[in-house]
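Take -11 as the starting number for the sequence shown in the working numbering and just add one per residue.
Backbone N, C-alpha and C fix where the C-beta goes; we use that ideal spot for every residue, glycine too.
Below is one structure, written out as structure tokens; comments come after it.
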Amino acid sequence: KPTDKLMLYTSVSKGTKSGGFINFATNPSTPQGAAAAEYGNETAYTYEIGEKLTLPHGGLLNVTLFNTDIHDFQQGIFVNPNFITTQRDLRSRGVDFEAGIQLIPAVRLQSQVTYADTKRRDAGEFRPPGAPLWSGNVNFSLRQPLSDAFTLTGDAGVEYRDDLFLTDQELTVGFP
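In structure tokens form, the structure reads like this:
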């Protein structure tokens, strides 16, 4: 912590999620059906480096660079008429930027933008379903005391995600 207003950090973490059983039409009485119905554990390793800066009047500016490797990422995708659970190795690298400022005592503006280059390790340059390259949001918050017992509150915001796939890229119309 170089100053009271600035914190620099690095982080290394490991996370896991247990395996499970797929609840869709299989025949678990056969070896193939039983194997298709079960999936194993997911493990994620994340490395981050960043800064958190406190600005005057309640403002903030945070920037984080990250790399996450996920082994056996569990993802359910809908392929009519079933949800199919897949396990794939993924890698996500990028940067997260967050800023906030108190415009006037009752109104706050806050925003966050993430660039996350997420790739499937089993398919070269393909992105996994639900993983936009760019995402972000902007939010206005109102907190105005009207009396000792009442406060007027309100929030308005917008979110953005660039193109993403709802299923595997190779299952989309027009592939390749």
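Of the residues Leu134, Leu121, Gly28, Asp136, the one whose Cα lies closest to the Cα of Asp151 is Leu121. Of the candidates Pro44, Lys(-7), Thr4, Gly3, Pro44 places its Cα closest to the Cα of Ile89. A contact between stretches requires three or more CB pairs, one per stretch, nearer than 8 Å, and the segment -8 to 3 meets this requirement with the segment 28 to 47.
Looking at the DSSP output, Leu43 bridges to Gly47.
Checking the DSSP bridge columns, you'll see Ala137 has no partner listed. Restricting attention to Asp77, Val51, Leu91, the CA atom closest to the CA of His59 is found in Asp77. Separation of the CB atoms of Val126 and Gly112 is rounded to 34 Å, and the pair is thereby denied contact status at 8 Å.
In the DSSP assignment, no residue is bridged to Thr(-9). The bridge partners DSSP lists for Phe54 are Glu36, Gly82. When the five nearest sequence neighbours on each side are left out, the beta carbons in the same chain lying within less than 6 Å of the beta carbon of Asp105 are those of Arg81, Gly82, in order along the chain.
For Leu130, same chain residues with a beta-carbon under 7 Å away, outside a window of 5 residues either side, are Ala94, Val95, Leu140, Thr141, Gly142 in chain order. Inter-residue distance for Tyr(-3) and Asn55 is about 15 Å (C-alpha atoms, whole angstroms). Its chain contains Tyr35 as the residues whose beta carbon lies nearer than 7 Å to that of Val0, once the 5 sequence neighbours on both sides are disregarded; these appear in chain order.
For Ala104, the enclosing beta strand (DSSP E) starts and ends at 95 to 108. By the Cβ neighbour-count rule, Pro133 is exposed, with fewer than 16 other Cβ atoms within 10 Å of its own. In the structure shown, the three-state DSSP call for Glu113 is coil.
Judged by beta-carbon spacing, Gly3 lies beyond the 8 Å limit of Gly28, meaning their Cβ atoms are not closer than that value.
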